[in-house]
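Colleague:
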Amino acid sequence: MTPQNPAVHTRSAADTLDRLVRDVRVGRAEWGHPHTVRQATEDLLRLADAMATTLQQMAAALDPAAPATRQSAGALHLAGQAAVTAAVQLRNARRTLH
1 MTPQNPAVHT
11 RSAADTLDRL
21 VRDVRVGRAE
31 WGHPHTVRQA
41 TEDLLRLADA
51 MATTLQQMAA
61 ALDPAAPATR
71 QSAGALHLAG
81 QAAVTAAVQL
91 RNARRTLH
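In this note's numbering, the protein residues as written are 1 to 98.
1) Under a three-way DSSP split, which group does D18 fall into?
2) Suppose contacts are defined by Cβ-Cβ distances below 8 Å. Is L55 in contact with L90 by that definition?
3) Just the C-alpha distance for G74 and R25, rounded to the nearest angstrom, thanks.
4) Do you know how far the Cα of Q4 is from the Cα of S72?
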């Protein structure tokens, strides 16, 4: 079995988040209840954790011998660290939401 292109999953997730932002901006969706905020926080925590892991996998997949690749891998690593920080903050938010 040949491996799938994981970019299709990232595109789907990005499209879904774009749709969420658009719907909230135009009023088709709203954060009208604390329960929905808590649930969305939990789901975004899952996304942040998955994004951190995905960025680590992407950085590891790059050829470390090429100078441009080293720069890209470094940027991906920093983005992964930011995703970990986001996950920590989302955990803190989830803990304080009732």
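Note that CB positions come from ideal geometry on N, CA and C, so glycine has one too.
Modeller: If we stick to the structure as given:
1) Locating residue 18 in the sequence shown gives position 18, counting from the first residue. Note: D18 maps to helix in three-state DSSP.
2) Your numbering for residue 55 matches position 55 in the sequence shown. Your numbering for residue 90 matches position 90 in the sequence shown. No, these two residues do not count as a Cβ contact at 8 Å.
3) Taking the first residue of the sequence shown as position 1, residue 74 is located at position 74. Taking the first residue of the sequence shown as position 1, residue 25 is located at position 25. Their backbone Cα atoms lie some 34 Å apart in a straight line.
4) As a position in the sequence shown, residue 72 is number 72, starting the count at 1. As a position in the sequence shown, residue 4 is number 4, starting the count at 1. Approximately 22 Å between the Cα atoms of the pair.
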